[in-house]
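Written below as structure tokens is the structure these notes are about.
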Amino acid sequence: MKFINSGLIYTNSLLYRLFTFVQQNLKRYNMATKSKIALVTGGSRGLGKNMALKLAAKGIDVIITYNSKKDEALQVAAEIEKNGNRAAALQLNAGDIGSFTTFFESLAGILKSKFDADRFDYLVNNAGIGLGAAFKDTTVEQFDELMNVQFRGVYFLTQKALNYLNDGGGIINISSGLARFTAPGYSAYASMKGAIETITRYMAKELGARGIKVNVVAPGAIATDFAGGVIRDNPQYNANVKAVTTLGRVGEPDDIGGVVAFLCTEDARWITAQRIEASGGMNL
Ligand SMILES: NC(=O)c1ccc[n+]([C@@H]2O[C@H](COP(=O)([O-])OP(=O)(O)OC[C@H]3O[C@@H](n4cnc5c(N)ncnc54)[C@H](OP(=O)(O)O)[C@@H]3O)[C@@H](O)[C@H]2O)c1
Numbered sequence: 178m179k180f181i182n183s184g185l186i187y188t189n190s191l192l193y194r195l196f197t198f199v200q201q202n203l204k205r206y207n208m209a210t211k212s213k214i215a216l217v218t219g220g221s222r223g224l225g226k227n228m229a230l231k232l233a234a235k236g237i238d239v240i241i242t243y244n245s246k247k248d249e250a251l252q253v254a255a256e257i258e259k260n261g262n263r264a265a266a267l268q269l270n271a272g273d274i275g276s277f278t279t280f281f282e283s284l285a286g287i288l289k290s291k292f293d294a295d296r297f298d299y300l301v302n303n304a305g306i307g308l309g310a311a312f313k314d315t316t317v318e319q320f321d322e323l324m325n326v327q328f329r330g331v332y333f334l335t336q337k338a339l340n341y342l343n344d345g346g347g348i349i350n351i352s353s354g355l356a357r358f359t360a361p362g363y364s365a366y367a368s369m370k371g372a373i374e375t376i377t378r379y380m381a382k383e384l385g386a387r388g389i390k391v392n393v394v395a396p397g398a399i400a401t402d403f404a405g406g407v408i409r410d411n412p413q414y415n416a417n418v419k420a421v422t423t424l425g426r427v428g429e430p431d432d433i434g435g436v437v438a439f440l441c442t443e444d445a446r447w448i449t450a451q452r453i454e455a456s457g458g459m460n461l
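Residue numbers for the sequence shown follow our numbering, so the first one is 178 and each next one is one higher.
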């Protein structure tokens, strides 16, 4: 009897030790594999949508923003969730700096309720609008609208995002090939993208102490709704772009999303303050 009892005690303590071991390692595994979270502005369509899908394909959870196209944004989020990642869509007017405090309050709520997190890891400043107008014709109103969305908004959204961004994370700003080469009609737009490239270096320098990498991706002409869809829908414009592109075609959103997703991985951990142009070699 004594022999049986001590055998049972031994088995119980073995089971208990096994249970504790599994529990501790499961916890460690969950912590180690907890998905990173990216916030992509303008993720309802075009380049931002492709970035969101490519990020999710790398196992990164994604929060996208939209300005007006809520249904499209919800569809992108649903597609990501269908493939097993977590996703959410939030409204944001990137040109309305006054709304940013409320935006980040909503973001904090979503992070807690849906992602079981207080912070996120990557910010992709993608949302944007285009303007094709000759230098001599560009109005103050056009300039200001562009400035608000393309530069002022990015500057102050990122500033506010710093309170929610994990150390060791990253910021990817979206510029344009037009900041390197020159095409008539884009003086205001290209100047603001030039400013994005400059602020990228300053962000990288000042945020390096927190381990935050900051890079800029500069797409060439890509067939999206951008600038009224001219690159995609206007055969003459499309042919002109093709003629000056070394790889011999107009860019597609699929040419860009993966570059941004790569910058949000461990393999890109030593890259910061860099400008990566993805233009198929436009205007070399
Ligand atoms: N396509 C190109 O040839 C090209 C080349 C170089 C750089 N880029 C840059 O790439 C980025 C994305 O361009 P895209 O081609 O994907 O353009 P797009 O197809 O027109 O999509 C624009 C995205 O930005 C959002 N957006 C527009 N205005 C906004 C605002 N005021 N506040 C917040 N979100 C706003 C839109 O939201 P809604 O859907 O809700 O309207 C949409 O998600 C832009 O920064 C653009 O400058 C584009």
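Don't be surprised by glycine CBs; every beta carbon is placed ideally from N, CA and C.
Label residue i either buried or exposed according to how many other C-beta atoms from any shown protein chain fall within 10 Å of its C-beta, with 16 as the threshold for buried.
i	result
Gly275	exposed
Ser456	buried
Leu461	exposed
Ala398	buried
Tyr379	exposed
Arg205	Because the pLDDT of Arg205 is 41, which lies under 50, any placement of that residue in the model is unreliable, and the number read from its coordinates should be weighed accordingly. Result: exposed.
Thr375	exposed
Thr359	exposed
Phe280	buried
Pro396	buried
Gly458	exposed
Asp298	buried
Thr423	exposed
Gly286	exposed
Thr401	buried
Lys313	exposed
Glu443	exposed
Glu454	buried
Ala416	exposed
Gln336	exposed
Asp293	exposed
Pro430	buried
Ala304	buried
Gly482	Past the boundaries of the shown model lies residue 482; the chain is included only from 178 to 461, so the question cannot be answered.
Gln413	exposed
Lys259	exposed
Thr377	buried
Phe403	buried
Asp410	exposed
Gly425	exposed
Lys382	exposed
Which whole-angstrom value is the C-beta distance of residue i and residue j, which I expect to be below 8 Å?
i	j	result
Glu322	Gly272	7 Å
Val418	Ile408	6 Å
Ala264	Val239	5 Å
Val437	Val394	6 Å
Ala215	Leu232	5 Å
Lys507	Val253	The requested residue 507 does not occur in the structure, where the chain is confined to residues 178 to 461.
Val217	Ala234	Not confirmed; about 13 Å, so no contact.
Ala365	Thr315	5 Å
Can a CB atom of chain B be found closer than 8 Å to the CB of residue i?
i	result
Gly397	The structure shown contains no chain B; it is built from a single protein chain.
For the region 246-266 against the region 438-449, do three or more pairs of beta-carbon atoms, one drawn from each stretch, fall closer than 8 Å, so that the two count as touching? Touching, no.
Let me know the alpha helix (DSSP H) ranges lying completely inside the region 406-432, each 4 residues or longer, listed in chain order. As far as the region 406-432 is concerned, its whole alpha helix (DSSP H) runs of at least 4 residues are 412-420.
Can you list the beta strand (DSSP E) stretches of 3 or more residues lying completely in the region 222-273, in chain order? As far as the region 222-273 is concerned, its whole beta strand (DSSP E) runs of at least 3 residues are 238-243, 264-268.
Please give me, in chain order, every unbroken run of the alpha helix (DSSP H) with length at least 4 that falls completely inside the region 322-404. With a minimum length of 4 residues, the continuous alpha helix (DSSP H) runs that stay inside the region 322-404 are 330-338, 364-384.
Are three or more beta carbon pairs between the region 357-372 and the region 383-390 nearer than 8 Å? Contact between the region 357-372 and the region 383-390 is absent: fewer than 3 CB-CB pairs across the two stretches fall below 8 Å.
Could you tell me which uninterrupted beta strand (DSSP E) segments, each at least 3 residues in length, are contained entirely in the region 273-308, listed from first to last along the chain? You should have 297-302.
Are the region 306-316 and the region 332-350 touching, with three or more C-beta to C-beta distances below 8 Å? Per the Cβ contact rule, the region 306-316 is not in contact with the region 332-350 (fewer than 3 Cβ pairs under 8 Å).
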